[in-house]
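Novice: Numbering (my numbering), first residue to last: 52 to 440. Okay, handing you the structure first.
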Ligand SMILES: *Cc1c(COP(=O)(O)O)cnc(C)c1O
């Protein structure tokens, strides 16, 4: 990290730990489908998927066909399921790269079939979320789709929309969703249709509805070692370790006289002479801009140091008056629970969920495999020679 002044640390041993911990909760027959959409929740799509392949994970879920093709081009082995909509015009791509596609509604099924290209699909069933899926009551249309020639139906699934909640009405609703899904399965059997592989649970589905026994569990956030907020209680407890941290170095320090202000909008007024340090991480790197107004802070040598003034696109300013901080000191911007600056803390303070904070991280900061001391992703090749070709 000698040359870096801000970076994302990835701990692959933690990724493996989380996969093994979650697998312990799954029935033997249930395949762990690693959800790596949105750049693997900000952790780096190709690096994460490649690592998961090396530890035996061969089932992946993504949101978009672009992500699936990227995985294939990087040589990722196993099944890849696209959860989101794909245009029928891209059927050939699905076929060429052996990508499984979700059927998002009856019209989508028909349009995909009409392309006359054999593709593998999972049919999504809408059991109450009312976003994607074929309504669980539209059995006749569903049965007709099972007779299609070009859609090879490998799976059928639904998605739960309040399975993270322990409130009774939410638990009741989730159980209704689950019942509706199994009702569809029973109807298929009545119609003598072979039931494909089934799946229902995402991370919270596994943690709160552990008795379900499906062919896959689609695991995103928990695999990355965190939950969506820091106050979520789950039925099953699982020992998770966060995979990602964001660190930076203090790059500049200045003394600002009493009465002066800091940053855009002059929102922060220095009541006393203030020692201000600058850290080269901003909202363009995924730190929510409103973190400052929510009492945002960073950690330096175990101490909470407050962010003062607006978080800028590329940097933030902190008040180090009370601390002994020098240029080059390492700052933890996102750490683990034990550092008192977990992504759960930040998400909860900013009134969002960790899923949003992580998935908005982009590729500007290099991602570093902390154990191997290897930089996996830098935005620029510094070698002048190779730049010139
Ligand atoms: C994103 C997603 C998941 C993973 O959800 P987590 O809560 O992160 O585990 C599972 N299923 C579908 C359909 C998704 O879109």
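Positions of the beta carbon are idealized from the N, C-alpha and C atoms, including for glycine.
Measuring only from the beta carbon, is residue 210 closer than 6 Å to any heavy atom that is part of ligand 1?
Specialist: yes
Novice: Quick check: the segment 377-393 against the segment 241-259, are at least 3 beta-carbon pairs closer than 8 Å?
Specialist: no
Novice: Excluding the 5 residues preceding and the 5 following residue 224 in the sequence, name in chain order all residues of the same chain whose CB lies nearer than 6 Å to its CB.
Specialist: 213
Novice: By DSSP, does residue 357 sit in helix, in strand, or in coil?
Specialist: DSSP places residue 357 in strand when its eight states are reduced to three.
Novice: Taking the beta carbon of residue 310 as the centre, do at least 16 other beta carbons fall within 10 Å, making it buried, or is it exposed?
Specialist: exposed
Novice: Classify residue 172: buried if its beta carbon has 16 or more other beta carbons within 10 angstroms, exposed otherwise.
Specialist: By the neighbour-count criterion, in which a residue is buried when 16 or more other Cβ atoms sit within 10 angstroms of its Cβ, residue 172 is buried.
Novice: Do the CB positions of residue 166 and residue 142 come within less than 7 Å of each other?
Specialist: yes
Novice: Is the beta carbon of residue 269 less than 7 Å from the beta carbon of residue 279?
Specialist: no
Novice: Cα separation between residue 363 and residue 96?
Specialist: 27 Å
Novice: Excluding the 5 residues preceding and the 5 following residue 400 in the sequence, name in chain order all residues of the same chain whose CB lies nearer than 6 Å to its CB.
Specialist: Setting aside the 5 residues that flank it on each side, residue 400 is surrounded in the same chain by 345, each with a C-beta closer than 6 Å to its C-beta; the list follows chain order.
Novice: Output yes or no for whether 7 Å exceeds the beta carbon distance between residue 296 and residue 130.
Specialist: no
Novice: DSSP state of residue 111, grouped into three classes?
Specialist: Residue 111 falls in the strand class under three-state DSSP.
Novice: Helix, strand or coil for residue 60? Go by DSSP, reduced to three states.
Specialist: In this structure, residue 60 counts as strand in the three-state DSSP scheme.
Novice: Can you name, in chain order, every residue of its own chain whose Cβ lies under 6 Å from the Cβ of residue 125, other than the five neighbours on each side?
Specialist: So the list reads 97, once near-sequence residues are dropped.
Novice: From the DSSP output, read off the bridge partner residues of residue 368.
Specialist: 329
Novice: Does the beta-carbon distance from residue 281 to residue 406 come in below 7 Å?
Specialist: no
Novice: Hey, is the segment 195-209 in contact with the segment 151-158, meaning 3+ C-beta pairs nearer than 8 Å?
Specialist: yes
Novice: At a cut-off of 6 Å, would you count residue 232 as near ligand 1, judging by its Cβ distance to the nearest heavy atom?
Specialist: no
Novice: Here's the rule I'm using: 16 or more other beta-carbon atoms within 10 Å means buried, otherwise exposed. How should residue 301 be labelled?
Specialist: buried
Novice: Under the DSSP definition of a beta bridge, which residues are partnered with residue 319?
Specialist: 313
Novice: Who are the near neighbours of residue 335 in its chain, counting only those whose CB is closer than 7 Å to its CB and skipping five residues on each side?
Specialist: 364, 365, 415
Novice: Express the C-alpha separation of residue 217 and residue 134 in angstroms, rounding to a whole number.
Specialist: 26 Å
Novice: CA-CA distance, residue 369 and residue 376?
Specialist: 11 Å
Novice: May I ask you to report which of helix, strand or coil DSSP gives residue 256?
Specialist: helix
Novice: Give a single yes or no on whether residue 86 has its beta carbon closer than 6 Å to a heavy atom of ligand 1.
Specialist: yes
Novice: Any idea what DSSP makes of residue 199, helix, strand or coil?
Specialist: coil
Novice: Rounded to whole angstroms, what's the CA-CA distance from residue 440 to residue 235? Just pull it up for me.
Specialist: Any reading at residue 440 needs caution, since the residue's pLDDT is 47, under 50, leaving its predicted position unreliable; the model's value is listed next. Between residue 440 and residue 235, the C-alpha separation is close to 58 Å.
Novice: Is the beta carbon of residue 351 less than 7 Å from the beta carbon of residue 380?
Specialist: yes
Novice: Nearer than 6 Å: is that true of the beta carbon of residue 397 relative to any heavy atom of ligand 3?
Specialist: Questions concerning ligand 3 fall outside what the structure shown contains, since the ligands it does hold are ligand 1.
Novice: Which runs of the beta strand (DSSP E) spanning at least 3 residues fall entirely within the segment 109-192, listed in chain order?
Specialist: Within the segment 109-192, the complete beta strand (DSSP E) segments of 3 residues or longer fall at 110-113, 130-133, 151-154, 170-177, listed in chain order.
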